Each structure stands twice: as structure tokens, then as C-alpha cells.
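Heads up: the structure comes next, in C-alpha cells.
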Amino acid sequence: MKEIGACDIINVSQNGWISCPKCGHNHLKQIHPDERCERLRLYCRYCKQPTYVTIHDGQCFQSQGL
Numbered sequence: 787m788k789e790i791g792a793c794d795i796i797n798v799s800q801n802g803w804i805s806c807p808k809c810g811h812n813h814l815k816q817i818h819p820d821e822r823c824e825r826l827r828l829y830c831r832y833c834k835q836p837t838y839v840t841i842h843d844g845q846c847f848q849s850q851g852l
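Spelled out as C-alpha cells, the structure:
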């Protein structure tokens, strides 16, 4: 498994919803405890900003750089 590196942790609610790291709005995407992906682009419809996230085993991290 690759090292995650220097990333910011993103809040995930108890029912699995990711909140926007820029405006704090909830319900960007619902994740499962065993879900994994790298550099997933999420778009917040409230603050109109894209965020790239990495998800490993139900934990969500904001990806740094492009």
C-alpha cells in the first residue's frame, strides 16, 4: 500500500457523509467503511469549489497539489 503523505483530514459524519473542507457543508458524498480511492474530485454545490480527496478504509484526506 502506498503512503498517504502529507494530507489534511476531512470530517466524516457518523453516517458516512463527507463534509466540504472549504465551507463545512455536509453531504458531498457518502462513503462506506471499506471504501478506497485516490484523487477523487468532489464538487461542492454550495461554495462552488472542487476538492480532491483520497479515501482509505473509511478515512478521508484532502489531497495536496495536482
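Residues 787 to 852 (the numbering used here) make up the sequence shown, in order. From the three backbone atoms N, C-alpha and C, an ideal C-beta is built for every residue, glycine too. Predicted model, so just to flag it, every value in this text is computed and none were measured.
Each of Arg822, Lys834 and Cys830 was checked against the Cα of Gly844, and the nearest Cα belongs to Arg822.
A check of alpha carbon separations from Ile817 across Ile795, Arg827 and Gly802 identifies Gly802 as the nearest. Contiguous alpha helix (DSSP H) elements confined to the stretch 792-839 do not occur, taking only those with 4 or more residues. Contact check for Cys846 against Val839 passes: the beta carbons are separated by less than 7 Å.
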